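K.L.:
Numbering (our numbering), first residue to last: -7 to 354. The structure is given below, and queries will be raised subsequently.
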């Protein structure tokens, strides 16, 4: 089957020069949205977070009644104590790293954009909420709202869920301002350069035998449901390029992100692996699984690995703990010697510049 080529990537403007909003009447609201975090690492707060997160029908995409029973009868009661212990490992003096870096970016982006914009941080689950951010925009009577989910690759369970929540709130408004969503930004050159610079810093300090690019996983059924053609998705070589028919496939976007990073970092063929982490339940998730890749690399005699997590823009449980500590321990238990996590973009200037471009690009 011949696949039509994907249109050429957007050309992003320089962050310099006068603000684009100067030609627009009124002010523009910018809602930056990350996944979420518990209010504290206590068991009750973690349980509350898990319930809201996992009751989202785009996250656990099964009928409402069995989902309710699964989440409230099994997952939240039994998983919350274990997850709370892990969150306590992650927590710092400033609280959750994901929320802390979000707050820093909120301030920095506001400073860069100026008074023609109002920037608000929101979390899809818990606080600060999307409802509160949009309520503030409504009170201010803004001309336009730009929503930027903090997910480089589109997935129904992340970006799609943010879209749905925002629209659920806005449908109750009598007056709706102009609305614009950012669908993904894996192609943005400054997003790529941000991870490239972080990777080069570690590559200058050590020689690495292999490079792992670990992305958050999804159930295979969600990938297949997203194939509107019903003919492209085979969860295999169909992800070897990104084109018009698979451009919204999360797995294909992840492989494309790896290709762009590998090219800029100059990593040779055969020295890198794209894989997927954070499985939940017994159903098959997209592969290869990071856990299996880690064991296989060690078994093959690979001793030094540099690991990237390019699905996350802020350090969180999935990066710092899962990739940075749990996979490190697994690698060393199986004979590996050195495992290094590349930190997320967090509050880097290139990440702020990426967001400025995303706001101003039409």
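C-beta atoms are modelled at their ideal positions from N, C-alpha and C, and glycine is treated no differently. If you're wondering where the values come from, they're calculated on a predicted model, not measured in any experiment.
Applying the criterion that 16 or more other CB atoms from any shown protein chain within 10 Å of the CB defines a buried residue, is residue 247 buried or exposed?
P.N.:
So residue 247 ends up on the buried side.
K.L.:
What is the C-beta distance between residue 24 and residue 97, in whole angstroms, given that I count them as a contact (C-beta under 8 angstroms)?
P.N.:
About 7 angstroms separates the two Cβ atoms, so the contact holds.
K.L.:
What distance in whole Å lies between the Cβ atoms of residue 149 and residue 51, which are believed to be in contact at a cut-off of 8 angstroms?
P.N.:
Sure, about 5 angstroms apart at Cβ, within 8 angstroms.
K.L.:
For residue 197, tell me which candidate among 307, 31, 141, 334 has the shortest Cα-Cα distance.
P.N.:
Out of 307, 31, 141, 334, 334 has the C-alpha closest to the C-alpha of residue 197.
K.L.:
Name the residue from 109, 87, 314, 288 whose alpha carbon lies nearest to the alpha carbon of residue 208.
P.N.:
For residue 208, the nearest C-alpha among the options comes from 314.
K.L.:
Contact check, residue 306 vs residue 90 under 8 angstroms by CB: the rounded distance?
P.N.:
Going by Cβ atoms, the distance from residue 306 to residue 90 rounds to 5 angstroms, so yes, they are a contact pair.
K.L.:
Please identify the residue among 275, 264, 159 whose C-alpha is closest to the C-alpha of residue 298.
P.N.:
Checking every option, the nearest Cα to that of residue 298 belongs to 264.
K.L.:
Short check: CB of residue 342 to CB of residue 177, under 7 angstroms?
P.N.:
No, the Cβ-Cβ distance between residue 342 and residue 177 is not below 7 angstroms.
K.L.:
Enumerate in chain order the residues of its own chain whose CB-to-CB distance from residue 100 is below 6 angstroms, with the five nearest sequence positions on each side excluded.
P.N.:
344, listed in sequence order.
K.L.:
Compute the Euclidean distance between the alpha carbons of residue 192 and residue 257, then round it to the nearest angstrom.
P.N.:
Roughly 7 angstroms separates the two Cα atoms.
K.L.:
Tell me which residues share the same chain as residue 290 and place their Cβ nearer than 7 angstroms to its Cβ, disregarding the 5 neighbours each side in the sequence.
P.N.:
The answer, listed in chain order, is 323, 326, 327, 328.
K.L.:
Could you check whether the stretch 105 to 121 touches the stretch 28 to 44, counting it as contact only if at least three pairs of C-beta atoms, one from each stretch, sit closer than 8 angstroms?
P.N.:
Taking 8 angstroms as the limit for Cβ pairs, the verdict is that the stretch 28 to 44 does touch the stretch 105 to 121.
K.L.:
What residue from 187, 139, 126 has the CA that sits closest to residue 167's CA?
P.N.:
The option with the nearest alpha carbon to residue 167 is 126.
K.L.:
Helix, strand or coil for residue 354? Go by DSSP, reduced to three states.
P.N.:
Residue 354: coil per DSSP, three-state reduction.
K.L.:
Can you tell me where the beta strand (DSSP E) holding residue 170 begins and where it ends?
P.N.:
Unbroken beta strand (DSSP E) run through residue 170: 170 to 173.
K.L.:
Assuming the contact rule is C-beta atoms closer than 8 angstroms, residue 128 and residue 20 should be a hit. Round their C-beta distance to whole Å, please.
P.N.:
Their Cβ separation, rounded to whole angstroms, is 13 angstroms, which puts residue 128 and residue 20 out of contact at 8 angstroms.
K.L.:
Is it buried or exposed, residue 243, if we count other Cβ atoms within 10 angstroms and call 16 or more buried?
P.N.:
Residue 243 is buried by the Cβ-count criterion.
K.L.:
Would you say residue 59 faces chain D, with C-beta separation under 7 angstroms as the test?
P.N.:
Among the chains of the structure shown, chain D does not appear; only one protein chain is present.
K.L.:
For residue 40, which three-state DSSP category applies?
P.N.:
In the structure shown, residue 40 sits in a helix (DSSP, three-state: H, G or I).
K.L.:
Using the three-state DSSP reduction, which class does residue 422 fall into: helix, strand or coil?
P.N.:
Outside the displayed span of the chain (-7 to 354) sits residue 422, for which this structure offers no information.
K.L.:
How is the alpha helix (DSSP H) around residue 23 delimited, first residue to last?
P.N.:
Careful: residue 23 lies outside any alpha helix (DSSP H), inside the beta strand (DSSP E) at 20 to 28.
K.L.:
Going by DSSP, name the residue or residues bridged to residue 265.
P.N.:
For residue 265, which the question treats as bridged, DSSP gives the partners 204.
K.L.:
Looking only at DSSP bridge pairs, what is residue 117 linked to?
P.N.:
Answer is 28.
K.L.:
Might you give, ordered along the chain, the residues of its own chain that have their beta carbon closer than 6 angstroms to the beta carbon of residue 442, omitting 5 neighbours on each side?
P.N.:
Look at the range of the chain in this structure, -7 to 354, and you will see that residue 442 is not part of it.
K.L.:
What's the C-alpha gap between residue 346 and residue 288?
P.N.:
Distance between the alpha carbons of residue 346 and residue 288 is about 36 angstroms.
K.L.:
Taking a contact to mean a Cβ-Cβ separation below 7 angstroms, would you say residue 33 touches residue 92 in this structure?
P.N.:
Not in contact: residue 33 and residue 92 (Cβ atoms no closer than 7 angstroms).
K.L.:
From 61, 195, 130, pick the residue whose C-alpha is nearest to that of residue 169; which is it?
P.N.:
Nearest C-alpha to residue 169: 130.
K.L.:
According to DSSP, which residues form a beta bridge with residue 300?
P.N.:
BP columns for residue 300 point to 205.
K.L.:
Can you tell me which residues form a DSSP beta bridge with residue 333?
P.N.:
The partner list for residue 333 (beta bridge, DSSP) reads 299.
K.L.:
So, with DSSP's three-state summary, where would you put residue 79?
P.N.:
Residue state, collapsed to three classes: helix.
K.L.:
Give every residue of the same chain whose Cβ lies closer than 7 angstroms to the Cβ of residue 37, excluding the five residues on either side of it in the sequence, and list them in chain order.
P.N.:
Counting only Cβ-Cβ distances below 7 angstroms, and skipping sequence neighbours, we find 30, 31.
K.L.:
Which first and last residues belong to the beta strand (DSSP E) in which residue 104 is found?
P.N.:
Run containing residue 104: none in the beta strand (DSSP E); it sits in the alpha helix (DSSP H), 89 to 105.
K.L.:
Between residue 337 and residue 160, what straight-line distance do the alpha-carbon atoms span, to the nearest angstrom?
P.N.:
For residue 337 and residue 160, the distance between alpha carbons rounds to 30 angstroms.
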